[in-house]
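>
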């Protein structure tokens, strides 16, 4: 299908070929027409069509192919704040009322296969540590500086805590603990790797474009869980970890959704996407 060649050549418009399943004598004409259509589309429309293709047969816990991951990453990498009508001086990114900053989520699209949306965070706003059960998540920091701390469960250790003392705590390994400043590459979280549980802290005003496949679904058991953390040294019994590696591990305990978290959901309006 020419996906790898097109991505390596950096010809984003030619990514439309991935949707061309024809095999007739007029294939070249069809491809040229699709190419022209693709070039006229807004970046968010291109992302929407790519998500439809990549997650067409999505199932919980199933990771898209490497080519599909590269496809979505390439499209996300090319999206700029102005493509989505966003500027750092918009009201979404200020905290005029003082207190805990409110986060705005701009809902773009959701179906049973994937969801698309934008988190708008004023300075110091925090999305607390939470998980993405059985999901593959693509995130693009559009502007600003964000501190990200993420974890994966420590599955290769004998992570046992006394059932009589702390049965609800589980050992996790820190995957990322760093500041990121736009422009930067999109990040990808996998169902069991890549930092499936993460926390966002806005160092400056930030906007993050998120694609989740499949999306959260309480009826299907994919609900968002929140966690609090404890140092490894609090419950070290029965686990052998080299001294220099202990700082890479923390205990996570599920908690209720923090009362301080305030997320205002609004519909994304411009540019609009066209559903096929």
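Numbering (the UniProt record's numbering), first residue to last: 1 to 276. By construction, the Cβ of each residue, glycine as well, lies at the ideal position given by its N, Cα and C atoms. Computed from a prediction, not measured in an experiment: that's the story for all the values here.
State the Cα-Cα distance for the pair residue 196 and residue 190, rounded to the nearest angstrom.
Taking the straight line from one Cα to the other gives about 6 Å.
> Mapping the DSSP letters down to three states, classify residue 67 as helix, strand or coil.
The answer is helix: DSSP assigns residue 67 an H, G or I state.
> With DSSP run on the structure shown, which of helix, strand or coil describes residue 207?
Note: residue 207 maps to strand in three-state DSSP.
> Which stretch, first to last residue, makes up the alpha helix (DSSP H) that contains residue 49?
Start and end: 43-54.
> Helix, strand or coil, according to DSSP, for residue 77 in the structure here?
Note: residue 77 maps to helix in three-state DSSP.
> Roughly how far, in whole angstroms, is the beta-carbon of residue 138 from the beta-carbon of residue 76, given that I think they are within contact range, below 8 Å?
Contact holds; Cβ gap of about 6 Å.
> Can you tell me whether residue 128 is helix, strand or coil according to DSSP?
If DSSP states are grouped into helix, strand and coil, residue 128 belongs with the strands.
> Could you tell me how far apart the beta carbons of residue 253 and residue 174 are, in whole angstroms, since I believe they sit closer than 8 Å?
Not a contact, Cβ separation roughly 16 Å.
> Mapping the DSSP letters down to three states, classify residue 231 as helix, strand or coil.
If DSSP states are grouped into helix, strand and coil, residue 231 belongs with the strands.
> Among 84, 183, 176 and 221, whose alpha-carbon lies nearest the alpha-carbon of residue 199?
For residue 199, the nearest C-alpha among the options comes from 176.
> Quick one: give me the first and last residue of the beta strand (DSSP E) that residue 197 is part of.
Per DSSP, residue 197 belongs to the beta strand (DSSP E) from 197-202.
> Could you tell me the boundaries of the beta strand (DSSP E) in which residue 284 lies?
The requested residue 284 is not part of the displayed model; the chain covers only 1 to 276.
> Could you give the DSSP three-state label for residue 179: helix, strand or coil?
It is a strand residue.
> What are the start and end residues of the beta strand (DSSP E) that includes residue 146?
145-153 is the extent of the beta strand (DSSP E) around residue 146.
> When you compare only the Cα positions, how much space is there between residue 43 and residue 259?
Whole-angstrom Cα-Cα distance: 36 Å.
> Helix or strand or just coil, what does DSSP make of residue 114?
Three-state DSSP puts residue 114 in coil, outside helix and strand.
> Might you give, ordered along the chain, the residues of its own chain that have their beta carbon closer than 7 Å to the beta carbon of residue 8, omitting 5 neighbours on each side?
Its pLDDT being 35, under 50, residue 8 is placed unreliably in this model, and the coordinates cannot settle the point.
> Please state whether the Cβ-Cβ distance between residue 261 and residue 208 is less than 9 Å.
Not a contact, by the Cβ cut-off of 9 Å.
> Quick check: residue 223 and residue 133, are their CB atoms within less than 9 Å of each other?
Cβ distance < 9 Å, so residue 223 and residue 133 count as in contact.
> So, helix, strand or coil for residue 139, using DSSP?
If DSSP states are grouped into helix, strand and coil, residue 139 belongs with the strands.
> I'd like the list of long-range same chain contacts for residue 100, defined as Cβ closer than 7 Å, with 5 residues on each side in sequence excluded.
Hits under 7 Å: 260 and 262.
> Could you check what DSSP says for residue 29 in three-state terms: helix, strand or coil?
The answer is helix: DSSP assigns residue 29 an H, G or I state.
> Report the residue from 156, 31, 32 and 73 whose alpha carbon sits nearest the alpha carbon of residue 211.
Closest by alpha carbon: 73.
> Name the two residues that bound the continuous beta strand (DSSP E) containing residue 249.
Here the beta strand (DSSP E) through residue 249 covers 249-255.
> DSSP three-state label for residue 268, please.
Residue 268: coil per DSSP, three-state reduction.
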